[in-house]
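K.L.:
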Amino acid sequence: MQYNHDETKAKAEWDKVTSKPTSLTFLYSDNDPNWEPIALATQSSLNKLGIIVKLEKLANATMRDRVGKGDYDIAIGNWSPDFADPYMFNELLV
1 MQYNHDETKA KAEWDKVTSK PTSLTFLYSD NDPNWEPIAL ATQSSLNKLG IIVKLEKLAN
61 ATMRDRVGKG DYDIAIGNWS PDFADPYMFN ELLV
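Sequential numbering from 1 applies to the sequence shown in full-length UniProt numbering.
(1) For D10, which residues does DSSP report across the bridge?
(2) Just to confirm the assignment, what range does the beta strand (DSSP E) spanning S23 have?
(3) What do you reckon, are the CB atoms on W35 and S44 nearer than 9 Å?
(4) From what residue to what residue does the alpha helix (DSSP H) around L40 run?
(5) Rounded to a whole number of angstroms, what is the C-alpha to C-alpha distance between A59 and L40?
(6) Report the option in D73, E7, F26 whose CA atom is closest to the CA atom of D49.
(7) Looking at the secondary structure, which residues open and close the beta strand (DSSP E) in which V53 lies?
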């Protein structure tokens with residue numbers, strides 16, 4: 001499935017939201033250099049809707065701790081199985 005970027009439609013849908021956040025914090029780890037551009041793009045997109053996005057680049061252990069405690073608004077990360085067995089993936093999908 002492919003999505004088209006439609007800023008006008010996004011703003012129209014956003015106008016329908018009754019309880020809008022005015023700001024939020026986006027956590028990302030220094031573990032992967034690709035996460036900063038993603039965080040910046042997310043910040044830019046949400047700023048266009050009037051949401052102030054504070055970016056927090058954290059050491060990976062600190063970020064995992066914050067995410068584990070639920071102390072964040074938005075975060076980016078990844079997951080991989082602990083061992084090479086399809087069971088790890090199947091359990092997520094079933």
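Even for Gly, the Cβ is constructed at its ideal location relative to N, Cα and C.
Quick caveat: nothing in here was measured; it's all calculated off a predicted structure.
P.N.:
Looking at the atomic coordinates:
(1) In the sequence shown, residue 10 corresponds to position 10, counting from 1. Before going on, a small fix: residue 10 reads as Ala here, not Asp. According to DSSP, which records beta bridges pairwise, A10 is partnered with nothing at all.
(2) Translated into the one-based positions of the sequence shown, residue 23 becomes position 23. Counting along the chain, the beta strand (DSSP E) containing S23 begins and ends at 23–29.
(3) For the purposes of this step, residue 35 is taken as the residue at position 35 of the sequence shown. For the purposes of this step, residue 44 is taken as the residue at position 44 of the sequence shown. Cβ distance not < 9 Å, so W35 and S44 don't count as in contact.
(4) The residue labelled residue 40 in the question sits at position 40 within the sequence shown. Per DSSP, L40 belongs to the alpha helix (DSSP H) from 35–47.
(5) Counting from one through the sequence shown, the residue named residue 59 turns up at place 59. Counting from one through the sequence shown, the residue named residue 40 turns up at place 40. Between A59 and L40, the C-alpha separation is close to 18 Å.
(6) Walking along the sequence shown from the start, residue 49 turns up at place 49. The sequence given here places Leu at residue 49; Asp does not occur at that position. Residue E7 is the option with its Cα nearest to L49.
(7) As a first step, residue 53 is located in the sequence shown; it is residue number 53 there, counting from the start. Where V53 is concerned, the enclosing beta strand (DSSP E) stretches over 52–58.
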